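Chemist:
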Amino acid sequence: MATPSPYQYHVDDMSLFAIDKVMEVTCDEARCVDWCIQVGLIDKAKTCPACSLPMRLSLVRKRWRCCRRKQHAEGKEISLSMLTSSFFTEAKIKICTAVCLLAAWCMRLPQANAAELAGVSEDTVQYWYACCRSTCSKELLKSEFKIGGAGKIVEIDETSLAKKSRSTAEGGITRSFGCLVAWNGALAGGSDGLCLGRIPKSVKEVGSSSH
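Start counting the sequence shown at -19; every next residue gets the next number (the numbering used here).
1. Can you say whether Gly55 is buried or exposed, counting buried as having 16 or more other CB atoms within 10 angstroms of its CB?
2. Among Val100, Ala84, Leu60, Thr104, which residue has its Cα nearest to the Cα of Cys28?
3. Comparing C-alpha positions only, which one of Arg113, Lys1, Ser32, Pro90 sits nearest to Glu102?
4. So the candidates are Cys31, Asn93, Cys116, Thr115; which of them puts its Cα closest to the Cα of Ala105?
5. How would you write the range of the beta strand (DSSP E) that Cys76 sits in, first residue to last?
6. Is the beta carbon of Val13 less than 8 Å from the beta carbon of Leu39?
7. Tell me where the alpha helix (DSSP H) around Leu97 begins and ends.
8. Can you list, in chain order, the residues of its chain whose CB lies under 8 Å from that of Arg49, leaving out five sequence neighbours each side?
9. So if DSSP puts Lys24 in a beta bridge, which residue, or which two residues, is it bridged to?
10. Hey, Asp23 and Ser66: beta-carbon distance below 8 Å or not?
11. Would you say Ala98 and Cys80 are within 8 Å of each other, going by their C-beta atoms?
12. Would DSSP call Ser59 helix, strand or coil?
13. Pick helix, strand or coil for Leu192, following the three-state DSSP scheme.
14. Suppose you measure from the CA of Ala30 to the CA of Trp44; what does that come to, to the nearest Å?
15. Output needed for Trp15: all residues of its chain with C-beta closer than 6 Å, excluding positions within five of it in sequence on either side, in chain order.
16. Does the beta-carbon distance from Tyr107 to Trp85 come in below 8 Å?
17. To the nearest angstrom, how far is it from the Cα of Ile(-1) to the Cα of Gln51?
18. So Cys31 is in the beta strand (DSSP E); what residue range does that whole segment cover?
19. Taking C-alpha atoms, which residue in Lys26, Val2, Met35, Ser32 lies nearest to Val19?
20. DSSP has Ser38 in a bridge; who is on the other side?
21. Looking only at its own chain, which residues have a Cβ that is under 6 Å from the Cβ of Arg11, when we skip the five neighbours before and after it?
22. Using alpha carbons as the reference points, say which of Met62, Lys26, Lys74, Arg88 lies closest to Arg41.
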């Protein structure tokens, strides 16, 4: 069985992805970490690599810990970063700042606006925007799913992807997706008030195949 992508969101509660909710949680680091856990950006549980038993999460230290020294070959406590195998693995900034920039990228905010929103330099925004584009490209290119449908045009316009357009003979609605792609679908943000929302399954399953 394939290992789920670390970029797959939990979409049971779509209200968590509303732009006002996302901006609310980015005001506090602890609340933002909790939000990331709820939506699947950070693991809810972690297994100790030494004894295969559940580890405990320290939100203060942002680390997973296993203190069962007697069950570890070297007799030492095992500690892993809370961000291990997550979208934020290499993050050098606060999680709330990273989420703010992630939301800004999904909303296609200009880098200057995103820098002002998150309170960081434009160089930091440029780095995170590039990271988002790279993640989108890699996940999209290794996934295979159908998008579009009768009367619709699907346009993927990312600097690291070739521009593609799919349409039907009848023409239809044009929509561009700034998307993070999960292994089972796409997560997108647009100008309609949603941030990091999921493209409906019915949209993915019809139309031309894009990968």
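Ideal Cβ positions, reconstructed from N, Cα and C, are used throughout, including at glycine.
All of these numbers come straight from a predicted model, not from anything done at the bench.
Modeler: Taking the structure as given:
1. Along the sequence shown, one-based indexing puts residue 55 at 75. Classification for Gly55: exposed.
2. Taking the sequence shown and counting its residues from 1, the one referred to as residue 28 is at position 48. Of the candidates Val100, Ala84, Leu60, Thr104, the one whose C-alpha sits nearest the C-alpha of Cys28 is Leu60.
3. Indexing the sequence shown from 1 puts residue 102 at position 122. The option with the nearest alpha carbon to Glu102 is Pro90.
4. By 1-based counting over the sequence shown, the position of residue 105 is 125. It is worth fixing the name first, because residue 105 is Val in this sequence and not Ala. Considering only alpha carbons, the answer is Asn93.
5. Here residue 76 refers to the residue found at position 96 when the sequence shown is read from its first residue. Per DSSP, Cys76 belongs to no beta strand (DSSP E); it is in the alpha helix (DSSP H), 75 to 86.
6. As a first step, residue 13 is located in the sequence shown; it is residue number 33 there, counting from the start. As a first step, residue 39 is located in the sequence shown; it is residue number 59 there, counting from the start. Their beta carbons are under 8 Å apart, which means Val13 touches Leu39 by this criterion.
7. Within the sequence shown, residue 97 is the residue found at index 117, counting from 1. Run containing Leu97: 91 to 98, per the alpha helix (DSSP H) assignment.
8. Counting from 1 along the sequence shown, the entry for residue 49 is found at position 69. Excluding residues within five positions, the ones whose Cβ falls inside 8 Å are Gly55, Lys56, Glu57.
9. As a working note, residue 24 is residue 44 in the sequence shown. Lys24 is not bridged to any residue.
10. Within the sequence shown, numbered from 1, the residue matching residue 23 stands at position 43. Within the sequence shown, numbered from 1, the residue matching residue 66 stands at position 86. Yes. Within cutoff.
11. Within the sequence shown, the letter at position 118 stands for residue 98. Within the sequence shown, the letter at position 100 stands for residue 80. Closer than 8 Å, so yes.
12. The count along the sequence shown starts at 1 and reaches residue 59 at position 79. It is a strand residue.
13. No information on residue 192 is available, as it lies outside the stretch -19 to 191 that the chain covers here.
14. The sequence position of residue 30 within the sequence shown is 50, counting from 1. The sequence position of residue 44 within the sequence shown is 64, counting from 1. If you take the alpha carbons of Ala30 and Trp44, they lie about 13 Å apart.
15. Sequence index remark: in the sequence shown, residue 15 carries index 35 (1-based). Cβ within range, chain order: Val5.
16. Within the sequence shown, the letter at position 127 stands for residue 107. Within the sequence shown, the letter at position 105 stands for residue 85. No, these two residues do not count as a Cβ contact at 8 Å.
17. Along the sequence shown, read from residue 1 onward, the residue named residue -1 stands at position 19. Along the sequence shown, read from residue 1 onward, the residue named residue 51 stands at position 71. Their Cα atoms are separated by approximately 45 Å.
18. Along the sequence shown, one-based indexing puts residue 31 at 51. First-last for Cys31: undefined, no H or E at that position.
19. Start at 1 with the first residue of the sequence shown, and residue 19 comes out as number 39. Comparing Cα positions, the closest option is Val2.
20. As a first step, residue 38 must be located in the sequence shown, where it is residue number 58. Note: Ser38 sits in a beta bridge opposite Arg43.
21. Against the sequence shown, residue 11 aligns to sequence position 31. Once the five neighbours on either side are set aside, the close Cβ partners of Arg11 are Val5.
22. Residue numbering aside, residue 41 sits at position 61 when the sequence shown is read from its first letter. Looking at the Cα atoms, Met62 is the closest of the given residues.
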